[in-house]
Every structure is written in structure tokens, then in C-alpha cells.
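Engineer: Chains as they are written, first to last, in our numbering: chain U, 1 to 538; chain C, 1 to 183. Yeah, the Cβ is synthetic: ideal placement off N, Cα and C, and Gly gets one too.
#1: Looking only at C-alpha atoms, which of U:485, U:40, U:389 and U:133 sits nearest to residue 54 of chain U?
#2: How is the beta strand (DSSP E) around residue 173 of chain U delimited, first residue to last?
#3: Relative to the C-alpha of residue 212 of chain U, which residue among U:307, U:263 and U:190 is closest?
#4: Which residue's Cα is closest to the Cα of residue 92 of chain U: U:249, U:178 and U:491?
#5: Using the Cβ count rule (16 or more neighbours within 10 Å means buried), how would you classify residue 23 of chain U?
#6: Please confirm whether residue 231 of chain U has its beta-carbon closer than 8 Å to some beta-carbon of chain C.
#7: Using the DSSP secondary-structure output, state which residues sit across from residue 255 of chain U in a beta bridge.
#8: With a threshold of 8 Å between beta-carbons, can residue 10 of chain C be considered close to chain U, or not?
#9: Answer yes or no: does any C-beta atom of chain U fall closer than 8 Å to that of residue 2 of chain C?
#10: Please report the residue range of the beta strand (DSSP E) in which residue 81 of chain C lies.
#11: Determine the DSSP secondary structure at residue 123 of chain C, reduced to helix, strand or coil.
#12: Do the CB positions of residue 142 of chain U and residue 119 of chain U come within less than 8 Å of each other?
#13: Just the Cα atoms here: how many angstroms apart are residue 143 of chain C and residue 495 of chain U?
#14: Check this for me: beta carbons of residue 99 of chain U and residue 127 of chain U, under 8 Å apart or not?
#15: Who are the neighbours of residue 459 of chain U on chain C, taking C-beta pairs under 8 Å?
#16: Measuring only the C-alpha atoms, how far is residue 478 of chain U from residue 276 of chain U?
#17: Please compile the residues from chain C whose C-beta is within a distance smaller than 9 Å of the C-beta of residue 407 of chain U.
#18: With a threshold of 7 Å on Cβ separation, who are the neighbours of residue 179 of chain C within its own chain once the five nearest residues in sequence on each side are excluded?
#19: Which residues in chain C have a C-beta closer than 7 Å to the C-beta of residue 18 of chain U? List them in chain order.
#20: Would you say residue 463 of chain U lies against chain C (beta-carbon separation less than 8 Å)?
#21: Does residue 181 of chain C pass the burial test, meaning 16 or more other C-beta atoms within 10 Å, or should it be called exposed?
#22: Output, in chain order, the set of chain C residues within a Cβ distance shorter than 9 Å of residue 454 of chain U.
#23: Tell me the rounded alpha-carbon separation between residue 3 of chain C and residue 115 of chain C.
#24: Counting pairs of beta carbons, one from the segment 463 to 472 of chain U and one from the segment 375 to 394 of chain U, are three or more of them closer than 8 Å?
#25: Are the CB atoms of residue 346 of chain U and residue 367 of chain U within a distance shorter than 8 Å?
#26: Against chain C, with Cβ distances strictly below 8 Å, would residue 249 of chain U count as a contact?
#27: Does the CB of residue 106 of chain C have a neighbour CB from chain U at under 8 Å?
#28: In chain U, what lies closer than 7 Å to residue 151 of chain C by C-beta?
#29: Based on DSSP bridge pairs, tell me the residues matched to residue 354 of chain U.
#30: Going along chain U, which residues have a C-beta under 7 Å from residue 37 of chain C?
#31: Let me know the secondary structure DSSP gives residue 489 of chain U once reduced to three states.
#32: For residue 80 of chain C, which residues from the same chain have a beta carbon less than 6 Å from its beta carbon, with the 5 sequence-adjacent residues on both sides left out?
#33: Which residues in the same chain as residue 407 of chain U place their Cβ atom closer than 7 Å to its Cβ, once the five residues preceding and following it in sequence are excluded?
#34: With a Cβ-Cβ cutoff of 8 Å, do residue 56 of chain C and residue 141 of chain C count as a contact?
#35: For the structure I just gave you, are there three or more beta carbon pairs, one from the segment 315 to 330 of chain U and one from the segment 341 to 356 of chain U, closer than 8 Å?
#36: Looking only at DSSP bridge pairs, what is residue 506 of chain U linked to?
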């Protein structure tokens, strides 16, 4: 009968509503919960690119099948990177734990998990750095914020550094300019040395290495996919477009994320590129080899990112083009703008990009020889080279999401907005703290756009979704524009969860809707084959 | 004085205390953040909790309008359904309301306590439904995303001849109708 003797107030006291761990963060082990992490890599994909410890593995299992001397591998790698990259050493040493970054991370804001505060996430690694690479850490241990490298620590690293999208919002607020994304890159690189990759990243890396794009599309599939778009464009405009593939001697090579070829709504953005280039009569070519603007190698190791990036330039050389235009992509631009030059540049065999339509020289791309399509299009509009009818987008009330990589990684803030304002009549900004260099991440970048971690993605995307919700309720926003393939895919899902009714579009879908093409038939529908405003009854 | 007027008189105090207790269901550093950061866009969880809980408190003294309650609960639970909470933890905040009212209005009559109890039960039952709807939405969006990813591949492979239904149309236009979970 003992179990019935408790009084109601004692029973209530047994209910614990608090999630505060009873132990210090160093002593609180990480718990792997389903829907918050990505599946482990397949051995075959690691083998293809020569990554170490190639085998199938699962983060949920106790045994990660690590090499027996994994601790030494990590230590050697830390030592090597510290000597190679001064920035890394500096970032380790100068943090004073002021906490300015603490509440700036979308994963922290959305999850409430303190280990997602950038300062604490970095401490997960910094505590090891102190223990093995600083005198106070060696002598005073825990008193100096140091701890031993154990399997538990490695698992904690893996869990939390794959909950950082390297968006760099925290860096904007750091008084010392510590780039937390670089710390995440380093730790991911260490996990990479132990074969601790995710399936969602390593699959695309292997595909890209063999076939030139993340999806593993072969040349004929790329071509037939684009032909489908051409059929749709013909239905909508009456114009048959005939783009070229792998054409030597073209003036421009066009490279876009392969997601644009298959993942809706990116496909409409891709149709937008095709229509714009046709209208301009641009001398350009697609490549079925350099058929990926993105670079998932960037989420594994510096070397792998460099190898994948090289394919674009090797193809540009082979085709003999003058310069490269890149499609609407996010991390592709961080790679090009911040890393390409030291990896594979300067691309002296190419020419400084000069618009054949306006004559504008893009000095900003002097060494990379690659420009973002919104730079190209904004310049066309500014020089009155396009005939536009923005009323065709009148059913859309648009807001713009800055991709972390294009805004913070290359300062592309005005061009997309300038284009949208010229092709749409209804545009509203989200609140100031959530856009431009302070933009909130979609929550699914750096290879976190898998399906099995959906719960995590909804946490990371929460601040962005709440800002969209605000403009939806205030202005009736029903379309979220952006210039990133991952955004196009994942923001659609984010909106479906938090803000049903808000759809997602690339900027060039809006451009193509408004673009009045020579010889087109009267347009009845937009690119999604929905009636244009005023043509609903047609 | 009726229970409704008592609740109406103290609604702000109840909402404030309730919010603090709910914020305390997060780790201590986060609880401080949720309570102190005022900007709604930089602290969307704190803002949503505060707004939602106030909205519910307001309804306790009014007519318990189901659509308003549903919206307030959905805003809160949609967030807690994807945070690191078990199902019971995610909706535990509802039951804290009883505790708060007891503390703020200790002098309530037995009848009034019974009224509060029934209200909390009603809110709890609605919360079960909303929580389940959020979790279903979570899995639904995952499936939809996978479908969108493969749609064009299927089209290229000419596998869509038999699938020309509304669902395919939805996939093409990107229109999603999962308003059912919304108030």
C-alpha cells in the first residue's frame, strides 16, 4: 500500500519542470536524440575521395568504429592547423568570454540549449586546446578551463559542431572579430580525419568528385532536365530556347547549383536564367562537367573544398571561355569570394568579367573572374537593357531573405533588392535586426539540409520564420525571395511548418515573370503556370 | 465577485508569473535570456511565450473563445514541439497555470477552484491535439520535401503519367495547405 501513501503536494513535488542539468557543462554528457542529427557517412562514399577510416557508421550507436589511435590523429591535426593558420591560433587565444555572441546564434535562440551559444560551442573545443597547447591549461587543468580529450568529448564535438551552419552571425557581434565559423570548420575537419562524416555531406562530395555535381547527374540527365524547362518555357512564352552545352569558344561559362535543375522551386529560377540569357542573346554555355555551383567539400576539409572548386576553373580553361557567371547560390559565393583565390587563383587564363551587354567591368571579380548573376542582372536593369513588366508579379507580396554566405560572406546586399524592386511592385523588408549582415540563417546550411534532422532544422530556422511571420501578418507577405539553392529548398519547408501560405522563390524567377521577351505570345501564366494577375478567368 | 472578474483583475499578474515559470522550464542561462531580452525578433521564443500566455489569461476571464485559445496554444506548442522536450514536458506549461492561480488568488472558493480546474483541463485537452498536429506537420513536411526533391527526377524518368492529381499540382506550384493545424 506504500505507493498510495503520498500526499498530493508530494506527488506534485516529484514533477520536475526544469531542464537545467544538475551538473556543470563539462560533466553533462551529450545525448543523441533522434531527429536532431544527420546519419553517418557510407564507407563507399568516403573511399571514393580517399577520406580516412572509410566504413559505414552510425552516430546513434555506441561504437563509432574509430581508429585505435584516434586521439593522436586529432592531436597531430590540431598541432598542424595551429602552426598553419594564425587566425585559428588567434581565435583560440583571444576570446575573453564576454558573451556578446551568446544570444546571436539561431540555433541557440531556437533550441535554448546553452551549448549552442557560440561562446560555449567554441569552449567545447577550446577546453581541449587549453589542456594540451597552453601552459596554464597543462598545469591548472580544469581551473584554467581545460579538460582531457575523451570519447565523450569527441561525441559532444560532433553533435554540436554539426549544429552550427557556419553562418557567421555571431562573428558580426564579436568585439574581437573571432570567426566562429572557422572554428567549426576546423573541428569538422578533425572529425573528417576520423571518418566521422555525415551521409548527407559525403554523398554529394563523392558525386561531385565523380560526376561534377552533388546529385550525381550524368550529362544526358542534365540535358534532358533542361529540355523539360525549355518545353515549359515554350508553353508559357511561345519561344523555343536552344541553349548550348559544353561549347568550346563560348564567351561565358554559366555554373549554378545542381539543385536548380531538380528541386522545386529552384527549377523556376533555372527557367529564369534560361529566359534572361536567351533574351540577351548571350554567348554562353552550360557545362555538364562543372555542373555544380555548390561545394559540399567545404563542409569536410579545406583540401576537399579546393579539389571540388578546381573543377569549375579546369572546365573554364578547357572550354576557353572569357569569364564565369554563377547562379543563385549561397556558399558557392563564400568559397569563391573568400577562399578560391588562395586555393586555385588567380585565374589568370580568364579575363576580368565585362558585361557584353553594358560594357560594365566587374572589378570586384578581378582575380576570381566569376560574378554573381544578380550583379550581372542588376547592372542590366540599371542600364535599361531589359524590358520589364512588374505588374505580372502583382499577386506577389515579396520579402527578401539574405543568404548568410552572400550577405556576410561577400557583401551582396543591394543587388538582389534592386532587382526585386524593379520586377515587383510589392516589396517589404523584414525587421532590421534580421536582414542584411545581421540576417538569420535558414537553419539548414553547411550540409544540414537532410531530412532525418528535421527537428533540429526547425529550431535553427525559428528566428527567420518568426521574422517572416511578422511581415506576413503586417503586410500580407506571401513570397519569400532569396538567392540560394539551399534556401529555396529548406525555407519552403520552414514556411510550411511555421507560416503556411508563404512560398519561396529565387530572384530570377521573378525577373523572368516580368521580362517582356521579343516575339513572345501574350503571357497568360507565370513560370509556375498559374494565371497571371488579371488573367484568372482566362 | 465572480471568478471571471477575479481572474480579469489579476490577469496581468497571472500571465507574468506563468511566463516566468514556463521560462524556468529551460536551462537557467536560457531562462534568463528569455526573460530579459525584449526585442521580439532577437528573442522570438520569449516573445511568443509571453504573448501566447497573456492571450490565454485574457480568455480565462472572457469567453474562452476556442479559436483565440487555439492560436495562442499553437504559437507556443509549435515551438516546444520541436525543442528538446518530451511530449509531456512540451505541454507541461499548461498545468503550471493551476499553480500560478493558486498562488496569485489563494482565497478562491471551492467553486471557483473547480472552474479553474475545468478550464485548465480544457486547455490541456486542446494542447494534446495541437502537439500531435505539430508533430504530424513535422513528418509531413519531411515527406513533402523528399517528394519535391524527387519530382523532376521522376518527371525526367517519365514516371509521372499516373500521378497527375492534385498532389502533383501542389508540388509543382509549391502551394501547401496545412492550415488545419492553425487557428
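Structural biologist: Inspection of the coordinates gives the following:
#1: U:40
#2: No beta strand (DSSP E) holds residue 173 of chain U; the alpha helix (DSSP H) holding it covers 169 to 173.
#3: U:307
#4: Distance from the Cα of residue 92 of chain U is smallest, within the candidate group U:249, U:178 and U:491, for U:178.
#5: Residue 23 of chain U should be labelled exposed.
#6: Output row for residue 231 of chain U: interface = no.
#7: According to DSSP, which records beta bridges pairwise, residue 255 of chain U is partnered with U:326.
#8: no
#9: no
#10: Counting along the chain, residue 81 of chain C falls outside any beta strand (DSSP E), and DSSP gives it neither H nor E.
#11: helix
#12: no
#13: Distance between the alpha carbons of residue 143 of chain C and residue 495 of chain U: 15 Å.
#14: no
#15: 82 and 83
#16: Per the coordinates, the alpha-carbon of residue 478 of chain U lies some 24 Å from the alpha-carbon of residue 276 of chain U.
#17: Near residue 407 of chain U there are no residues of chain C at all, since even the closest Cβ is about 16 Å away, more than 9 Å.
#18: Low confidence applies to residue 179 of chain C: its pLDDT is 45, below 50, so where it sits in the model is not reliable, and the reading given next is rough at best. Correct list: empty, nothing qualifies.
#19: Within chain C, the residues near residue 18 of chain U are 24 and 25.
#20: yes
#21: For residue 181 of chain C, the predicted structure reports a pLDDT of 36, less than 50, and the residue's modelled location is therefore unreliable. The matter cannot be settled from this model.
#22: Within 9 Å of the CB of residue 454 of chain U, the CB atoms of chain C belong to 82, 138, 139, 141, 142 and 145, in sequence order along the chain.
#23: 8 Å
#24: no
#25: yes
#26: It does not; no Cβ of chain C falls within 8 Å.
#27: Chain U, which has no Cβ nearer than 8 Å to the Cβ of residue 106 of chain C, makes this no.
#28: 264
#29: U:361
#30: 103
#31: helix
#32: 90
#33: The answer, listed in chain order, is 413, 436, 437 and 439.
#34: no
#35: They touch, by the three-pair rule.
#36: U:482
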